[in-house]
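Everything below concerns the one structure shown next.
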Amino acid sequence: MTTNTDARETTAKVEAFWQMCVQQSNVDPATDFYRVRYFGADATTARRLMDLIAAGEKTVTFTLPWIYQGHPNLTPVPGGYTVVTDFEGHPELLLRTTRVKTLAFAEVTDEETRFEGPGARTLDAWRKIHWPFFENALKPLGKQPAEDMPVTVEYFEVVCGLSGTRTATRHDESGAAD
Numbered sequence: 007m008t009t010n011t012d013a014r015e016t017t018a019k020v021e022a023f024w025q026m027c028v029q030q031s032n033v034d035p036a037t038d039f040y041r042v043r044y045f046g047a048d049a050t051t052a053r054r055l056m057d058l059i060a061a062g063e064k065t066v067t068f069t070l071p072w073i074y075q076g077h078p079n080l081t082p083v084p085g086g087y088t089v090v091t092d093f094e095g096h097p098e099l100l101l102r103t104t105r106v107k108t109l110a111f112a113e114v115t116d117e118e119t120r121f122e123g124p125g126a127r128t129l130d131a132w133r134k135i136h137w138p139f140f141e142n143a144l145k146p147l148g149k150q151p152a153e154d155m156p157v158t159v160e161y162f163e164v165v166c167g168l169s170g171t172r173t174a175t176r177h178d179e180s181g182a183a184d
């Protein structure tokens, strides 16, 4: 359980991390909005995905726009920033969204999944991982996964990490890596 004190401490750590990244990177100091999130559904997965992102091995993520309904500030937008925390809320990476598109689950192809982390880059592997993940994410919303459900594909680059400024693979307009 998170107490108000813990939440304030986490918020202060995130804000301090954001300020460090603004100073160390090409982040416009006038930018004052960023999302805060972790990847995965548990601490072990969050750590594994964070490490893959930091190493430039994972430069895309897939989410369901239904999750953001009622929370428009959480919706990824090109040029937007995301502070990525570990599962406990400690900030470690700053990402910049480079491209966003929405496809039906059935329309996701290897062209999108090839930027996933190792083990999820083929379409079959991606589907085996994401179908149950989306199923669990949809339960609280009273929804079931379906082949025609919308999936948000978010391409990103690492702007800053705890060890200083970092950059990861960038994508051109087609989603291809530079």
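Numbering-wise (the numbering used here), the sequence shown opens with residue 7 and increments by one. By construction, the Cβ of each residue, glycine as well, lies at the ideal position given by its N, Cα and C atoms. Since the structure is predicted, the reported quantities are computational estimates derived from the model, not experimental observations.
Reducing DSSP to helix, strand and coil, say where VAL114 ends up.
coil
Rounded to whole angstroms, how far is the Cβ of ARG41 from the Cβ of LEU80, which I believe are closer than 8 Å?
6 Å
C-beta atoms of LEU129 and THR108 nearer than 8 Å:
no
Proximity below 8 Å, CB of TRP132 to CB of PRO151
no
Report yes or no: do the region 79–97 and the region 120–129 share at least 3 C-beta pairs separated by less than 8 Å?
no
In the structure shown, what three-state DSSP assignment does VAL83 receive?
coil
Cβ shell of LEU2 (< 7 Å), same chain only, five flanking positions each side left out:
Outside the shown range of the chain, which is 7 to 184, sits residue 2, and nothing can be said about it.
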